[in-house]
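Numbering of the sequence shown is given in full-length UniProt numbering, commencing with residue 1 and proceeding in unit increments.
Single-structure report; data block below.
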Amino acid sequence: MLLRPLAKRATALECLYRTRQIRPSRTYHNENAPYDPDADPTPRRKYIFFGAAGIAITAAVVSSLSKSLRSDSKELEYRKDPATDVEFPTTLELPGTPKLSLLGLGVRTVSFLGLKVYSVGFYADLGQRGFKPRVDGTPAEQIEHIVRNTTCALRIVPVRSTSHTHLRDGFIRAIQSRITLARNNGHLTPEEEDALLQPVQTLKGLFPNVSLPKHQPLHAVLTAPTPNGSRTLYFPELGRVENPWLADEFFMAYFAGNGISPAMKKSVEDAISHVGGWGSNIGKKP
């Protein structure tokens with residue numbers, strides 16, 4: 001009777017002993033001695049080595065790419081709006097546009113308090129095929145020649161948090177002023193004015209009722225005129241309006257009278273007045 005439990009115990013001890021005999025075949029080290037990692041040749045150490053090497057290589061690649069990106073960004077030239085410290089790249093490429101040159105920049109203010117709303121930069125493609133700069137006339141006439149004959153863009157950078165609808169309302173007021181002026185000057189017939197109702201509504205509908213954070217750019221692009229005279233006003237972030245009159249006048253509103261941004265208008269006029277050889281130095285720092 002006593003031998004059976006002892007036999008069972010012996011069997012259990014024997015199994016344990018066998019297990020202990022098998023374990024060294026997996027670990028290759030003496031369990032009674034301190035573990036020495038350098039003496040353990042198990043394959044898992046190779047995996048650790050290759051994993052560490054992979055991490056090191058990945059880190060090196062990421063570091064190299066980061067340096068490359070920083071290097072590329074340093075190659076871009078910028079001009080700063082002195083009123084807001086917002087920087088504008090001297091060249092700009094947007095979806096569907098050629099490389100555009102910065103002609104001028106300035107701040108947009110509202111109310112008698114001079115509240116700063118956004119900084120705006122005006123860009124144009126002076127190297128456009130077939131475009132011939134106007135060398136006579138006033139700076140205002142030369143600017144109009146650029147607007148009506150080349151691809152142009154506005155880069156609008158809020159200097160305080162605002163909303164798309166707030167900017168939209170300002171744009172619509174500017175367009176309505178241009179419509180009134182054209183009607184009073186006899187440059188817009190009643191039929192042509194009626195035809196603008198739908199494009200103006202389309203322009204309104206492009207702007208979502210959401211905020212536009214401080215320093216987040218909004219771009220407006222005026223495409224170059226096609227042989228049949230069609231032009232498009234489009235916002236890469238929002239959408240487009242297919243109407244040549246509205247497209248032209250949206251941009252001309254920034255230069256008519258004092259302009260939406262008098263500082264930007266003066267900046268462009270100064271650039272045109274002081275550039276020799278027309279366009280050779282446009283966009284570069286003065």
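Yeah, the Cβ is synthetic: ideal placement off N, Cα and C, and Gly gets one too.
So, helix, strand or coil for residue i, using DSSP?
i: G130; result: coil
i: A83; result: coil
i: K67; result: At K67, the pLDDT of 39 sits below 50, so the modelled position is not reliable and the matter cannot be decided from this model.
i: E31; result: With a pLDDT of only 45 at E31, under 50, the local geometry of the prediction cannot be trusted, and no value is derived from it.
i: T58; result: A caution first: T58 carries a pLDDT of 33, below 50, which makes its placement in the model unreliable, though a value can still be read off. Of the three classes helix, strand and coil, the one that applies to T58 here is helix, per DSSP.
Assign residue i to buried or exposed, taking buried as 16 or more other Cβ atoms, counted over all protein chains shown, within 10 Å of its Cβ.
i: D136; result: exposed
i: P95; result: exposed
i: P244; result: buried
i: S267; result: buried
i: K265; result: buried
i: H187; result: exposed
i: Y123; result: buried
i: T84; result: buried
i: G259; result: buried
i: V110; result: exposed
i: D125; result: buried
i: G229; result: exposed
i: D248; result: buried
i: T189; result: exposed
i: G127; result: exposed
i: S273; result: exposed
i: L222; result: buried
i: Y118; result: buried
Do residue j and residue i count as a contact pair if the criterion is CB distance below 9 Å?
i: L76; j: T97; result: no
i: H164; j: V210; result: yes
i: I146; j: L246; result: no
i: V157; j: F88; result: yes
i: F255; j: L154; result: no
i: R129; j: V120; result: no
i: E242; j: T232; result: yes
i: L196; j: I179; result: yes
i: residue 309; j: T151; result: A query on residue 309 cannot be resolved here, the shown segment of the chain reaching from 1 to 286 and no further.
i: G106; j: A263; result: yes
i: K80; j: S161; result: no
i: L218; j: R240; result: no
i: A253; j: Y234; result: no
i: I172; j: E269; result: no
i: R183; j: E193; result: yes
i: P208; j: L181; result: no
What does residue i pair with, by DSSP beta-bridge criteria?
i: P89; result: Y78
i: A271; result: Note: A271 sits in no beta bridge, so no partner.
i: V120; result: G106 and I156
i: S101; result: T91 and A124
i: residue 294; result: The requested residue 294 is not part of the displayed model; the chain covers only 1 to 286.
Under 8 Å: does the beta carbon of residue i sit that close to some heavy atom of the ligand PLP?
i: G239; result: In the structure on display, the ligand PLP does not appear, and there are no ligands present to speak of.
Give a yes or no on whether 9 Å exceeds the smallest Cβ distance from residue i to chain D.
i: Y234; result: Absent from the structure: chain D. Only one protein chain is present.
Discussion item. If we require 3 or more residues per run, which beta strand (DSSP E) segments fall completely within the UniProt domain "Chalcone isomerase" (148 to 268)?
Written reply: Here the runs fully enclosed are 152 to 158, 218 to 222, 233 to 235 and 239 to 241.
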